[in-house]
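Trainee:
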Amino acid sequence: MQVNEYKPLIVAFCCNWCSYAGADLAGNNRLNYPADVKIIRVPCSCRVNPMFILRAFQRGADGVILCGCHPGDCHYTSGNYYTRRRMALLFSMLDYLGIEKERTRVEWVSAAEGAKFAETMNDFAKTVAALGENKRLEDLRCKK
Amino acid sequence: MQRIGVFVCHCGTNIAGTVDVKAVAEALKTEPGVVFSTDYQYMCSQAGQDIIKKAIAEYNLTGIVVCSCSPRMHEATFRKTAAAAGLNPYMVEIANIREQCSWVHKEVPIGTEKAIILAKAAVAKVNLNAPLTPGESPVTKRALVIGGGIAGIQTALDIADAGFPVDIVETKPTIGGKMAQLDKTFPTLDCAACILTPKMVDVAQNDKIRVFSYSEVTEVGGFVGNFEVTIKRRARYVKEDICTGCGLCTEKCPQKKVPNEFNLGMDNRSAIYIPFAQAVPKVATIDPNHCMKLKTGKCGVCSKVCTAGAIDYEAKDEFVKEKYGAIVVATGFNPISMEKFDEFAYSQSKDVITSLELERLMNAAGPTGGTLLRPSDHEHPHTIVFVQCVGSRCEACAEKGKEYCSKICCMYTAKHAMLIRDKYPDTEVYVFYIDVRTPGKNFDEFYRRAVEEYGVHYIKGMVGKVSPEGNKLKVQGSDLIYGRQLHIDADLVVLAAAIEPDKSARPLATMLTASMDTNDFFTEAHPKLRPVESPTAGVFLSGTCQGPKDIPETVSQAGAAASKVIGLLCKDKLTGNPCVAHSDEMMCNGCSTCEKVCPYGAISYVDKEFRMPDRTTKVRRVAVVNEAVCQGCGACTVACMSGAMDLKGFMNKQIMAEVDAICK
Amino acid sequence: MQEIKREVLVNKASELLKNGTVDRVFGWKKGEFDYDITPALFTTAEDIENEFVWGDFCGANFSKYLIKETGKSENKVLVFLKPCDTYSFNQLLTEHRFDREKVYAVGVPCNGMLDTGKIKSSAEGISKVTDNGDKVVIETLFDGEITLDRNELLPDRCLNCKSKKHVAYDELLGEDGAVLDSNRFDEVEKLEKMTPDERFAFWQNELSRCIRCNACRDVCPACTCEKCVFDNPNSGVENKAATNEFEEKMFHIIRAFHVAGRCTDCGECSRVCPQHIPLHLLNRKFIKDIDSFYGEYQAGAEVGSRAPIVNYTTEDIEPGDAVRRNENA
Amino acid sequence: MRKISLKKIDSLFSAIAENSVLYMPVDTKTGAKFEQWENGKELSDSLNTVRSAKDFFFPQTENLMDFKVEGKKIEVIDSRSETEDFVVFGVRACDVKSFDVLDKVFLAEPQDSYYKNRREHGVIMSLACTKPNETCFCTTFRIDAAEPAGDVVCYKTDDAFYMDAKTEKGKKLLSALEGITEAADDTAVTEQQKLTRERMSKLPLASLKADAFGNGKTKEFFDRPEWKELSESCLGCGTCTFVCPTCQCYDIKDFNTGHGVKRFRCWDSCMYSDFTKMSAGQPRLTQLERFRQRFMHKLVYFPTNNDGMFSCVGCGRCLAKCPIQMNIVKVMKKLGGNSNG
Amino acid sequence: MLDKKELLKEQVIRASGVNPLKCMRCGKCSGTCPSYDEMEYHPHQFVYMVEMGDIETLMKSESVYKCLSCFACVERCPRGVEPAKIIEAVRLEAIRQKGNNHMTANDIPEKVNDDIPQQAIMSAMRKYSK
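Chains as they are written, first to last, in the working numbering: chain A, 1 to 144; chain B, 1001 to 1664; chain C, 2001 to 2329; chain D, 3001 to 3341; chain E, 4001 to 4130.
#1: Kindly say whether B:GLN1476, judged by its beta-carbon, lies nearer than 8 Å to any beta-carbon of chain G.
#2: Does C:GLU2032 get closer than 8 Å to chain D when you measure Cβ to Cβ?
#3: Decide if D:SER3279 is buried, meaning its Cβ has at least 16 other Cβ atoms within 10 Å, or exposed.
#4: Report the residue from B:THR1062, B:PHE1007, B:GLN1046 and B:TYR1059 whose alpha carbon sits nearest the alpha carbon of B:ASP1039.
#5: Assuming B:THR1617 is part of the beta strand (DSSP E), what are its boundary residues?
#6: Which residues in chain D have a C-beta closer than 7 Å to the C-beta of A:LYS144? List them in chain order.
#7: Hey, quick one: how far does the beta strand (DSSP E) through B:GLN1388 stretch, first residue to last?
#8: So, for D:LYS3253: in the same chain, excluding its five sequence neighbours on each side, which residues have a beta-carbon less than 8 Å away from its beta-carbon?
#9: How is D:LEU3335 classed by DSSP in three states: helix, strand or coil?
#10: In this structure, does DSSP put D:ASN3063 in helix, strand or coil?
#11: Tell me which residue opens and which closes the alpha helix (DSSP H) that E:LEU4021 is part of.
#12: As a quick exercise: from B:LYS1340, B:ASP1351 and B:ASN1652, pick the residue whose alpha carbon is nearest that of B:MET1379.
#13: Can you tell me whether DSSP reads D:CYS3154 as helix, strand or coil?
#14: Consider the Cβ of A:ILE99: report whether some Cβ of chain B lies at a distance smaller than 8 Å.
#15: Going along chain C, which residues have a C-beta under 9 Å from A:SER78?
#16: Curious, which full-length alpha helix (DSSP H) runs of at least 4 residues does the stretch 30 to 110 of chain A contain?
#17: Restricting to Cα atoms, I'd like to know which of B:CYS1598, B:ASP1158 and B:CYS1409 is closest to B:CYS1633.
#18: When you compare the CB positions of C:GLY2300 and C:SER2088, do they come within less than 8 Å of one another, or not?
#19: Excluding sequence positions up to five away, which residues of its chain have a Cβ less than 6 Å from the Cβ of E:SER4016?
#20: Please work out which residues of its chain come closer than 6 Å, Cβ to Cβ, to B:GLY1012, disregarding the five sequence neighbours upstream and downstream, and give them in chain order.
#21: Does the structure place the stretch 2302 to 2312 of chain C close enough to the stretch 72 to 92 of chain A that three or more beta carbon pairs sit under 8 Å?
#22: Indicate whether at least one CB of chain B lies closer than 8 Å to the CB of A:GLY27.
#23: Check whether chain A comes within 8 Å of D:PHE3255, counting only Cβ atoms and requiring the distance to be less than that.
#24: Please report the straight-line C-alpha distance between B:MET1200 and B:TYR1313, rounded to a whole angstrom.
#25: Would you identify the three-state DSSP class for B:CYS1191, choosing helix, strand or coil?
#26: What residue from D:ILE3324, D:LYS3008, D:LYS3171 and D:VAL3091 has the CA that sits closest to D:ALA3149's CA?
#27: Decide if E:LEU4092 is buried, meaning its Cβ has at least 16 other Cβ atoms within 10 Å, or exposed.
#28: Counting only Cβ pairs nearer than 7 Å, list the residues of chain B close to E:ARG4076.
#29: Check the Cβ-Cβ distances between A:ARG86 and every residue of chain C, and say whether any is below 8 Å.
#30: Give a yes or no on whether the C-beta atoms belonging to A:VAL64 and A:ARG103 are separated by under 8 Å.
#31: Between the Cα of D:GLU3084 and those of D:GLU3182, D:VAL3069 and D:ASN3117, spot the shortest distance and give me the residue it belongs to.
#32: Output, in chain order, the set of chain C residues within a Cβ distance shorter than 7 Å of D:LEU3264.
#33: Fully enclosed by the stretch 1319 to 1376 of chain B, which beta strand (DSSP E) runs are 3 residues long or longer?
#34: Tell me, please, whether the CB atom of C:VAL2219 is closer than 8 Å to any CB atom in chain D?
#35: Counting only beta-carbon separations shorter than 8 Å, does B:ARG1615 have a partner in chain D?
#36: Is there a Cβ from chain B that is less than 8 Å from the Cβ of D:LEU3343?
Have a look at this one:
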């Protein structure tokens, strides 16, 4: 195990009603996922602005995952439908600009799926770690 | 610059176990804006809250960050604490360092480092918080109960008792639900009808309760305190207010061959029918798929016979729009279908029945008038085999059964066994069980009486196969304690089928935006602390729609749901959620992109005169948010290109500050 | 060569001025050379007579000017709209950006406007440019005459013209054209076929030339915010200069995202970019994605249409699959 | 005057590149651009580069200093780095003149040390024009395209390359290249200059005169009604100011990098709505005022403060790049109406 | 290192791909097993004995070869535990140990009964037709 084993920094936007509750449930069941995943609570997945995602990458995040309620379960009826459209277009554009598409992901996690939340975070952290540091969307000034 | 206080909670060892709370408190001291940082054993305890109050006064803090458990648990608590100390409750931020840090990361250094980062993110956010005051919205003093079983009835009665008007919407022609189909109820063996029908009569006579039977909810709009519900009253072809329920039409109706759902298809009824004698409302209903008049236009006997002239063949489905302050879901359960369990030959022999069918057979109003006879040849069964856990406790991915234990089968099987042994002492009763689960008051004693006094043979082991031979049913099962394979020639096999939520629950959940678990049971706000509320404000859960439970529990939960509804309806004003959208007039283009994405239609436009930057005045169309209707989802803030629309409590700048603090 | 002659426009303009339907006219004004035509506001008939120009360099799209202009006075302003301008006209109407009653729109059929960038790169010291049908003759100061095929000098937006149909006008000079099925997405497909590294290198090279002059934003009829997020200090993304590659990318990603579903693909951004960055390829990528994910949609085709990005169906494509779809598309 | 045959031009470049970095205009698919020389790159013969040479001395973004903030303690880190010597080859007369304009601003007291540092390390090898463009009007500001200023003036004829050192730095550079260059007289050069000057007089904008403007003319032009018509279709974008070789306005911004603050300066445009925004607000509220400010600064304010030197060098970039084709030539013709016949 | 007993248990679990812990000891597999009576140990006991690690006794006992591979137990187990696969793994384990073959090749002819379909073919068809 080298000393400075590269650990990806992952920002997770979790919607307050479902995926944040799923994350809490993962905690209740003491399920383990990497500590590099940091969760930001937003009222609904439709609150996440593409600017936040680009801001996270600029500040040094290596992967950004957006969790919301399953389509149809959204507490605000249509929030996650808009997220789905916005992120489909944004991810397609990022891929178009040549940025690795595995760095961004949208995942639907309900309040009852603690296990799925932990598993998703583990899987996403592994994928992002495999990609290595975010070289294509980084702002050198923010690097230590 | 804000003056921020940071309070790190040990939560006993839940947090302190894998996070060095002292180090977190220390690290936060140097954060910009932080003037006080401490840690304590139990922040949410009275003593913990006093520390916060004292610190607010002493350091005249303008904002506090509590690093503790999930905000979904104690955000409200700490907001009350802040309010009590004179600080605006929305200047409080919670860093979730328990469920999302100490409980999921085992090593202390990693847990501590993450806790510090999460705390810094919360500090960065609170630095940009502004004091918010929640708006208010009126409360419609009327409740809606969806589902007319014992759960719905009990909830409606309790709410009406408190003086609030209630509407019950029931899909069947009468209220009563599954309990009306039962014969006796455990553990006291008093007859279901005797304890249910008086309550149904109370519902009918209570002027505060209105029953929409043979109806269903098709659309739910609005939000807590101001729900707008559309109810579809299916055409009954009988005028409810005129029909006296004399039943003459049901006798005279020529079409007699309709399978009677109330008796689960074991006998027939006429096309125009009253489900059972004590039905409420006691009104006939014409079944459109079997009525000759409606299908082919010929016949019309019932309208000729009806003395009151209540028959109306031209009736159409009616849609009623109503406003409600609270909604209680009581959609109840159904036994699962037995087709997939062909090892028990349910579809091959009529003598293999489910427990609910046995209830009807033993019920006086049932197809056999109360004497237990075999459905195939109406003979008296001498050997009866009960099979427990059919479809319950199955493996998750098998689409056949359900993963959970259905909770009520052990008790009602003991009841059936006891009643049969008591009424027909010459019958041998075998019960194949995996474990007998009879927790609860007088439950286990009930089960022991069935074994000891009534001599029911309880066999620990599962039935492997039931094969009909001649008029006997060869049951082959293992007797694990004896260690032999048991072969019994039974006359009747009763399967204790698993129960699942009513099919109408899933579409209803989507309408109510209430969340459900993978088995379609409604998810409660908190399994232990708030079992009768749904996370969606204003929606309450009563009965088996929330999970398998027996009648005593259902009634107690119905009462709890009613008390919650009463608590809500007795308020004149509901303090709304202050984290609502707000548009900056100077920057708004008036392009109505936000109006299109708002799920609640909370945004309207007004023409206003503005002093433009280039010294001209211009009338511009700008967005205005109705703070009572807006629920604060934030879809409009992203749709708005110029960032004029922002969400109080989750401002763009605040979220970006959190991102910066996390990625530092 | 344009089908409708200058005189037709001039007569129409002065006629409408005289009979008082309008009190000012948006048109193109002569410049120093043949190709530097300036959009201008004419108020008197004789101004129009001697300074009004209609030729092969009238690429400017007036829709955006109407936002300010209609605020200035009560009576109508005459505006000449090419087919692609009418889409921006409708899109601005959908967003209530100006009052339709205050505008008298006259549709002018167009068969392509020449690209000054291409002319300047194919000849130096241009003194005269004459366009006769399919050939263009460029007289230069020192290298004599150069005759080129007209199609070589047309910008990409005219080569792949998406529609000659006027979707908004009070009056139309000449007949209305039809919506053409142009292969305007070939460039985008070519890019999509590249490997991510090639795409990254391509955009890295293109966007590194950006000098953040905001010409693309200020000319774009879909970018009409009262105060742009990039100019607003408390928007969090305020940015005047791209100090490194990230900020270059961020400006163009956010701008393309903000106009997604509202961009009518009029091509003005690529026309005005001083560094010749093919910005229309970004907006076309969004248009191509929207068409393939959510069904054909042309912004501005009809007023009040609901852009796909503010709409949804319950069976939309999942973001994960949307990205993987490009792989095998 | 030194000479080298065109065929050996690459050896000249590699010689220069030995002891200092060499930049020269190279053709790209979207116009000529200054790039660092590597062997194999040819000198572009297009008239001018899309982006002016101003960038070498006054780059679009330049880091001024860094701050480290710990609680109440602030530590200033000077992040200036000594630029290495560099040679800019192929600068046209107008761009060279623009350096004089920039020097007037940045090197006047108090001196801009960042600019001074780059200016001292830079050596300008200007290249005389032979084929001016129709948008050129450097003659209006008394710039002789045939005889540009600069440390070393170069002339490119059909077969050879003439170099004439004009300043100390120029002489030092040429002396280093003694080996591969040979002495030469200036007959071919003067003959080329005659041809170029004759061509310059035949340019469409040759007759444009600037004498109507200049020192002390503020009152005369400030309230002219033509400004309204000139400025009405201006979009307020920053293209003209960012392609202009003499625009020297900049804005100072701070960027919070998460572990410190970087203070940098970047080009600003008087056309922007938040240009010189002060606590009292924006001094020029309408686009007309901002438009007027730009051209009055070029033609009146700058000459007034800098003893008559115009701050426009007639390179024609803004004529080519303005999205709505409005530029200084149209303004001068409109305002200075009488003098150009 | 795993001692012999645990090694055997690990081998059987990995070979059968079955997790014995999922068994809730309901006895349905034994209840449905057609050759229950000939067996000394019954299907639910196979699972339990493997879970307890006592595989030697299983390998020595005859009941391992009484299993007809009719897969009724696999079909009907509510928890998806597959007793037939466990007993298959135990049989393989037995065969792998040298000299422990249950029958020699020439015992087979007289055991074969012509009118019953070849048991091996039937069980192979059932096993691999899933």
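A virtual CB, placed ideally from N, CA and C, is assigned to each residue, including glycine.
Mentor: The structure says:
#1: Considering every chain present, this structure includes no chain G. Its protein chains are A, B, C, D and E.
#2: Residue contact check for C:GLU2032 against chain D: a CB pair falls below 8 Å.
#3: Per the 10 Å Cβ criterion, exposed.
#4: Taking each of B:THR1062, B:PHE1007, B:GLN1046 and B:TYR1059 in turn and checking the Cα distance to B:ASP1039, the smallest one comes out for B:PHE1007.
#5: Per DSSP, the unbroken beta strand (DSSP E) holding B:THR1617 starts and ends at 1617 to 1625.
#6: Those within 7 Å of A:LYS144 in chain D are HIS3259.
#7: From DSSP, the beta strand (DSSP E) with B:GLN1388 extends over 1383 to 1390.
#8: Take D:LYS3253, set aside five residues on each side of it, and the residues of its chain with a beta-carbon closer than 8 Å to its own are ARG3263, PHE3264, ARG3265 and CYS3266, in chain order.
#9: Looking at D:LEU3335 - three-state DSSP - the assignment turns out to be helix.
#10: Of the three classes helix, strand and coil, the one that applies to D:ASN3063 here is strand, per DSSP.
#11: Going by DSSP, E:LEU4021 is part of no alpha helix (DSSP H) at all; its letter is neither H nor E.
#12: It is worth fixing the name first, because residue 1379 of chain B is Glu in this sequence and not Met. With distances taken between Cα atoms, B:GLU1379 lies closest to B:ASP1351.
#13: In this structure, D:CYS3154 counts as strand in the three-state DSSP scheme.
#14: Taking CB atoms only, A:ILE99 has no neighbour in chain B less than 8 Å away.
#15: Here the neighbours are TYR2312.
#16: Counting only runs of 4 or more residues that sit fully inside the stretch 30 to 110 of chain A, the alpha helix (DSSP H) segments are 50 to 58 and 79 to 96, in chain order.
#17: Ranking B:CYS1598, B:ASP1158 and B:CYS1409 by Cα distance to B:CYS1633 puts B:CYS1598 first.
#18: Judged by their CB atoms, C:GLY2300 and C:SER2088 are nearer to each other than the 8 Å cut-off.
#19: LYS4085, ILE4086 and ALA4089.
#20: For B:GLY1012, where only same-chain residues beyond five positions count, there are no Cβ hits under 6 Å.
#21: Output reads yes: the stretch 2302 to 2312 of chain C touches the stretch 72 to 92 of chain A.
#22: Judged by the 8 Å Cβ criterion, A:GLY27 is in contact with chain B.
#23: Output row for D:PHE3255: interface = yes.
#24: Cα to Cα, the separation comes out at about 28 Å.
#25: DSSP places B:CYS1191 in strand when its eight states are reduced to three.
#26: The shortest C-alpha separation from D:ALA3149 is found at D:VAL3091.
#27: Flag for E:LEU4092 reads exposed.
#28: Under the 7 Å cutoff, chain B gives GLU1343 and GLY1464.
#29: It does; some Cβ of chain C falls within 8 Å.
#30: Taking the C-beta atoms as reference points, A:ARG103 is found nearer than 8 Å to A:VAL64.
#31: A check of alpha carbon separations from D:GLU3084 across D:GLU3182, D:VAL3069 and D:ASN3117 identifies D:ASN3117 as the nearest.
#32: Just to set this straight, residue 3264 of chain D is Phe in the shown sequence, not Leu. Within chain C, the residues near D:PHE3264 are THR2243.
#33: Fully enclosed beta strand (DSSP E) runs of 3 or longer: 1326 to 1329, 1333 to 1335 and 1352 to 1354.
#34: True, the Cβ-Cβ gap to chain D drops below 8 Å.
#35: Interface residue, yes.
#36: In the structure as shown, chain D starts at 3001 and stops at 3341, and residue 3343 of chain D therefore has no counterpart that could be examined.
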